[in-house]
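The sequence shown begins at 9 in this note's numbering and counts up one residue at a time.
Note that beta-carbon positions come from the ideal geometry of N, C-alpha and C, so glycine has one too.
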Amino acid sequence: MYAVIKTGGKQHKVTPGEQLKIESLNAEVGAQVSFDEVLLIADGDNLIVGAPLVVGGKVNAEVVANGRGDKIRIIKHRRRKHYHKEQGHRQNFTEVKILGIVGA
């Protein structure tokens, strides 16, 4: 069984028991969260596709950790123009464990 959910402007394929890092949520470690924007639910040969969302579909999860990702270096350089600029960025994330998928 798996589902496709939409969170943080991205789509994720999730299965029960899986841990994944998503865009940062305002939830503390140990809190229960649910994702209502379910695009698809598949259980064996039974496939439910939303238009655009599955009615009554929900994915329950638990927050495992909040953190920041690795630093990404951004470098801009123009040769022979005395132009050199560096910048760094660390993206916040929330790691969740998928507890269950509720279908229609």
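Query, Result
"With which residues is Leu48 paired in a DSSP beta bridge?", "Val12 and Val57"
"Hey, Ile106 and Val46: beta-carbon distance below 8 Å or not?", "no"
"Could you check whether the region 61 to 69 touches the region 29 to 43, counting it as contact only if at least three pairs of C-beta atoms, one from each stretch, sit closer than 8 Å?", "yes"
"Pick out whichever of Pro60, His90 and Ala35 has its Cα sitting closest to the Cα of Val104.", "Ala35"
"Select from Asp78, Val12, Ile80 and Leu33 the residue whose C-alpha is nearest the C-alpha of Pro26.", "A small correction: the amino acid at residue 26 is Glu; Pro does not occupy that position in the sequence shown. It is Val12 whose Cα lies nearest to the Cα of Glu26."
"For Met9 and Ile109, which I take to be in contact (beta-carbon distance under 8 Å), what is that distance rounded to the nearest angstrom?", "6 Å"
"Who pairs with Gln40 in a beta bridge, going by DSSP?", "Glu70"
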